[in-house]
Amino acid sequence: MRSGPDTSLFDPDTADPSLPTATLLIDRSASWMFDYYPLRVLKEFPDGSCEASMTYASEQWMTRFVLGFGAAVRVLAPAGLAEQVRQSASAALAAYRVGIDSAGE
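Sequential numbering of the sequence shown, starting at 1, is according to the UniProt record's numbering.
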């Protein structure tokens with residue numbers, strides 16, 4: 001029988017302190033994330049959204065992770081990760097604009 005992956009590296013209670021941690025704003029529509037990912041709630045808001053932290057090992061991975069949730073997850077900190085997400089999202093939008101702009105020519 002196979003056991004699941006070892007996620008202790010990213011568990012909020014046992015994470016390696018040398019790994020970076022992101023602070024995320026998570027919309028109520030994405031609250032299911034807490035069932036699947038090692039997130040720690042920092043603050044809950046009246047609208048059902050919350051601020052949470054998540055440890056990660058790779059900025060590239062974390063960027064893709066956040067982008068996969070669209071507008072439901074936003075990076076509050078660190079600023080460098082938030083900027084990387086912004087740049088990646090802008091590049092994706094630009095790729096679609098190019099296809100739309102050149103399709104009618």
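The beta-carbon is built from N, C-alpha and C at its ideal position, and this holds for glycine as well.
Bridge-paired residues (DSSP) for residue i
i: T23; result: S53, A77
Boundaries of the alpha helix (DSSP H) in which residue i is found, first to last residue
i: R40; result: R40 -> not in any alpha helix (DSSP H); beta strand (DSSP E) instead, spanning 39–44.
i: D65; result: Here the sequence assigns Phe to residue 65, which means Asp is not the residue at that position. That run of the alpha helix (DSSP H) goes 59–67.
Cβ neighbours of residue i in the same chain (closer than 7 angstroms, five flanking residues each side left out)
i: M62; result: A22, Y56, L81
i: D13; result: none
i: C50; result: I26, V41, K43, E44
Exposure label - residue i; buried when at least 16 CB within 10 Å
i: L93; result: exposed
Backbone CA spacing between residue i and residue j [nearest angstrom]
i: D35; j: A95; result: 33 angstroms
i: L25; j: S88; result: 18 angstroms
i: A52; j: R40; result: 5 angstroms
i: M54; j: R97; result: 32 angstroms
i: Q28; j: Q60; result: Correcting the residue identity first, residue 28 is Arg in this sequence and not Gln. Their Cα atoms are separated by approximately 25 angstroms.
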